[in-house]
Amino acid sequence: MQKFSPALERGPLPLRPIRDAARRGLLDLLDSVRGRKALVLEACFAAPLGLIADALTLKEHGVEVFCLLEAQPTVVDALLAKGVRQVVYLTHGQLGACQEVAQHVRMCQQGGAAGGGGHTIEFTLVLMPRRTKVAERILEERGVLGDVAVRELALDWVPLDDDLISLEMPLAFKELTADRDRSSLFCVARALHQLQQQWGTIPAVKVKGDSAAAVQHIMSRMRQEQGTDAPAAGADGIDTLILLDRCLDMVTPMCTQLTYEGLLDEVFGLSCGQMKAEAPAAAAAEAGASSSASASAGAAPRKKVYGLNSADAVFRETRDSFYVGARKWLNETLRTIQQFRDQGMHTADINQLRDFVAELREKFVRLPLHSGLVEQLAAAIQAPSFVARQSVEAGLLDEGDEMAAIEDLMFQGEGLVPVLRLLILYCAVHGGVPKKHYDNLRRDILNTYGHQHLLTLALLSKAGLLQRREGRRSAFPAAKQQLRLLLQEGEQIDEANPKDIHFTYAGYAPMSIRLVQQALSAGGWAGIESLLQQLPGQHYELTQACDDQGLPLERRQAGGKAAAEAATAAAASGRRRKVLVMFVGGVTCAEVSALRFLSQKGICNCDFLIATTAMCTGSSLLSGLLAQGAEELAAEA
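Numbering (the UniProt record's numbering), first residue to last: 1 to 637.
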């Protein structure tokens with residue numbers, strides 16, 4: 001696992017058994033492939049693997065060669081050099097990945113034959129989280145199915161932190177919206193069903209969105225087919241499940257996150273608590289002696305991978321703070337430590353010195369890193385393009401018509417992804433692009449960024465993200481008023497001690513989190529029934545129980561009764577509610593921070609376990625919809 005891996009001990013529910021089960025499943029599968037082996041990973045699984053098993057553990061189970069599926073030419077040489085005769089592919093079952101596997105198998109076969117010495121290679125394809133007919137069909141069409149043993153690894157949840165679990169399905173949003181492929185919903189339902197088997201039946205379920213409803217229906221069918229219900233939720237179980245579609249709130253991910261962790265994700269990109277960035281000058285001490293073999297003078301700075309999660313004491317204190325507040329905390333902490341070193345050490349007693357050394361051990365080793373990262377973020381947010389985008393976002397959230405400003409950014413050379421984020425935000429706020437602008441806008445995008453993006457525009461339209469306004473009204477104006485999404489006139493964000501979740505987006509409270517907050521209030525969703533009807537997708541709530549024979553029962557409820565019953569039961573037992581919030585399609589770091597804020601401040605008297613198909617930003621949601629894929633996204637970010 002990563003050097004800085006979360007302990008998974010501080011959250012509302014024990015997540016370490018989930019991680020241990022995932023590790024056992026992976027290692028058992030590797031052990032079933034005899035001999036020394038090469039492990040070839042789909043790129044998007046490299047980071048999750050680091051949270052499950054470290055390289056040393058994998059080597060103990062026979063893995064001699066590690067490589068990504070994209071790094072094709074290097075693996076053949078490594079196989080021949082080390083005499084490895086087993087290749088294990090670890091991928092999801094998507095079309096592109098299976099095609100790359102088939103190509104990789106052919107290349108290894110040809111390379112092995114060219115290497116001479118009777119070097120025969122055996123191949124095993126491990127599909128996550130389940131084996132699919134599509135994958136086998138692709139291998140068959142490419143003529144390699146007979147050479148590949150196809151297996152499955154039911155790897156569902158990857159614990160990212162003490163209160164955060166992910167299915168690591170980054171393409172789920174694109175599949176559900178643009179491809180109209182709902183197969184991922186079965187995986188979501190199965191994973192949630194397994195949580196109920198582990199922690200007990202969840203008494204109250206609240207659903208908003210068509211994909212969320214489909215997940216709940218599949219879960220219900222699984223309960224019925226099982227015959228006997230899961231054990232009743234005890235003191236350590238989940239009281240309420242809230243299922244939300246990403247599609248019901250596209251405003252939030254298209255805005256720029258301004259929490260410390262969220263801004264790091266926007267600027268550098270995070271993957272499973274890992275971030276790749278140039279080593280800040282202030283973090284040179286952290287590298288220690290290992291940096292002595294650095295590149296010669298004048299070489300381009302190398303990027304380093306950093307683990308960022310609750311195992312990092314400094315990051316734990318700052319990640320959910322408004323960026324400016326995090327910067328102040330870092331500066332004050334450095335100043336306090338320096339003052340104690342300069343003045344207090346001479347007069348301190350043994351206990352004070354012991355506490356100081358403990359604080360140094362826990363925090364100081366990472367303070368230089370975060371101080372350097374904060375300085376890099378400061379430079380990023382002062383860039384003219386960033387300031388211009390922030391201005392347009394603020395205008396759109398105030399329901400202004402910022403189309404001219406967006407077009408100016410396009411003509412000034414802004415990248416495609418930032419422009420598309422603003423256009424999708426425009427559509428989410430105003431209900432689409434006016435007819436008089438729509439055709440001209442499409443033409444300008446194609447002329448500016450290339451006609452290959454005709455497919456991009458078609459996918460965005462099919463996904464309902466970038467469309468012509470056809471008389472329909474957006475629900476955003478009503479939501480803004482009823483859910484108090486924006487700061488009121490005269491209000492300001494207290495950077496050091498904010499009073500509400502507006503700080504996560506510099507004055508905008510995420511609509512999705514306001515819906516969660518309302519769902520857990522005394523009146524539940526009954527108080528915003530008219531708004532829920534305007535938002536896309538169905539909504540309802542139900543209670544789950546079992547009859548006298550232990551068979552599962554469900555009862556539809558109205559007016560927030562299900563959540564109220566769960567809250568009453570938790571209060572009667574003298575404990576805080578445990579609420580599982582599942583985001584189907586992705587969740588941003590800032591939304592996670594907002595939920596943590598509501599829990600820590602007691603605004604919602606509950607502890608949250610946050611689940612998602614994948615962590616996301618507006619840019620990552622768009623990556624699967626671009627004509628030339630993630631490489632172009634990275635080049636333009």
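Backbone N, C-alpha and C fix where the C-beta goes; we use that ideal spot for every residue, glycine too.
Bear in mind that the values here come from a model prediction, so they are computed numbers and not experimental data.
**Request:** State the DSSP-derived secondary structure class of Glu42, mapped to helix, strand or coil.
**Result:** coil
**Request:** Could you tell me which residues DSSP puts in a beta bridge with Glu541?
**Result:** Lys206 and Gln557
**Request:** Please go through the same chain and pick out, in chain order, the residues whose beta-carbon is closer than 8 Å to the beta-carbon of Val227, but skip the five residues on each side of it.
**Result:** The displayed chain sequence assigns Gly, not Val, to residue 227. Result list for Gly227: Leu551, in chain order.
**Request:** Tell me whether Arg442 sits in a helix, a strand or coil according to DSSP, three-state version.
**Result:** helix
**Asked** Does the Cβ of Thr240 have 16 or more other Cβ atoms within 10 Å, making it buried, or fewer, making it exposed?
**Response** buried
**Alpha-carbon spacing of Phe315 relative to Leu51, whole angstroms** = 17 Å
**Item:** Nearest candidate by alpha-carbon position, reference Ser620, set Ser211, Glu266 and Ala496
**Value:** Glu266
**Item:** Of the listed residues Ala81, Thr57 and Val88, nearest to Ser32 (C-alpha basis)
**Value:** Val88
**Message:** In the DSSP output, what is Ala274 paired with across the bridge?
**Reply:** The identity of residue 274 in the sequence shown is Gln, whereas the question assumes Ala. Per DSSP, Ser271 and Gly307.
**Message:** Just to confirm my understanding: we take Tyr438, look at its own chain, exclude 5 residues before and 5 after, and list those with CB closer than 7 Å. What are they?
**Reply:** Arg468
**Message:** To test your reading of the DSSP string, which unbroken alpha helix (DSSP H) runs of 4 or more residues are found completely within the stretch 578 to 616?
**Reply:** 589 to 600
**Message:** Between the alpha carbons of Ala285 and Arg10, how many angstroms are there, rounded?
**Reply:** In this predicted model, Ala285 has a pLDDT of only 47, less than 50, meaning its place in the structure is not dependable; the value taken from the coordinates is given anyway. Going from the Cα of Ala285 to the Cα of Arg10 covers about 29 Å.
**Prompt:** How is Glu461 classed by DSSP in three states: helix, strand or coil?
**Reply:** Looking at the sequence provided, one finds Ser at residue 461 rather than Glu. Ser461: helix per DSSP, three-state reduction.
**Asked** Is DSSP giving Leu420 helix, strand or coil here?
**Response** helix
**Asked** Quick one: Cα of Leu425 to Cα of Asp249, how far?
**Response** 10 Å
**Asked** Thinking just about the alpha-carbon of each residue, which of Met219, Phe322, Pro368 and Leu308 is nearest to the one in Leu243?
**Response** Met219
**Asked** Apart from the five residues just before and just after Asp500, which ones in its own chain have a Cβ nearer than 7 Å to its Cβ?
**Response** Ala509
**Item:** Span separating the alpha-carbon of Ser391 from that of Ala479
**Value:** 21 Å
**C-beta atoms of Asp245 and Gly537 nearer than 7 Å** = yes
**Message:** Checking the sheet assignment: what are the DSSP bridge partners for Glu152?
**Reply:** Leu127
**Burial state of Ser294, where buried means 16 or more other Cβ atoms lie within 10 Å** = With a pLDDT of 42 at Ser294, under the threshold of 50, the modelled position of this residue cannot be trusted, and the question is left open.
**Message:** Using only the alpha-carbon positions, how far apart do Leu520 and Ser512 sit?
**Reply:** 13 Å
**For Asp161, the residue or residues it bridges with in DSSP** = Leu164
**Neighbourhood of Ala178 by C-beta distance below 7 Å, restricted to the same chain and skipping five residues each side** = Leu459, Lys462, Ala463 and Leu625
**Cys67 beta carbon less than 7 Å from that of Val40** = yes
**Request:** Mind reading off the beta-carbon distance from Leu125 to Ala22? Whole number of angstroms is fine, and I expect it under 8 Å.
**Result:** 19 Å between Cβ atoms; not a contact.
**Message:** Comparing C-alpha positions only, which one of Ile381, Val305 and Ala7 sits nearest to Val324?
**Reply:** Ile381
**Request:** Put residue 639 into one of helix, strand or coil per three-state DSSP.
**Result:** As displayed, the chain neither begins before 1 nor continues past 637, which places residue 639 out of reach and without an answer.
**Request:** With a threshold of 16 other CB atoms inside 10 Å of the CB of Pro17, please say whether the residue is buried or exposed.
**Result:** exposed
**For His453, the three-state DSSP class (helix, strand or coil)** = helix
**Message:** Using a Cβ distance threshold of 8 Å, determine whether the stretch 480 to 491 contacts the stretch 438 to 456, with at least three qualifying pairs required.
**Reply:** no
**Prompt:** Can you tell me whether DSSP reads Leu633 as helix, strand or coil?
**Reply:** A caution first: Leu633 carries a pLDDT of 43, below 50, which makes its placement in the model unreliable, though a value can still be read off. In the structure shown, Leu633 sits in a helix (DSSP, three-state: H, G or I).
**Request:** Indicate whether the contact test is met: 3 or more Cβ pairs, each with one atom in the stretch 138 to 148 and one in the stretch 76 to 83, closer than 8 Å.
**Result:** no
**Item:** Pick from Cys589, Gly507, Glu407 and Val419 that is closest to Asp440, judged by C-alpha positions
**Value:** Residue identity check: residue 440 is Asn in the sequence provided, not Asp. Asn440 has its Cα closest to that of Glu407, out of Cys589, Gly507, Glu407 and Val419.
**Asked** Under the DSSP definition of a beta bridge, which residues are partnered with Arg182?
**Response** Paired residues: none, contrary to the question.
**Asked** Can at least three beta-carbon pairs, one atom from the stretch 398 to 413 and one from the stretch 367 to 382, be found at a separation below 8 Å?
**Response** no
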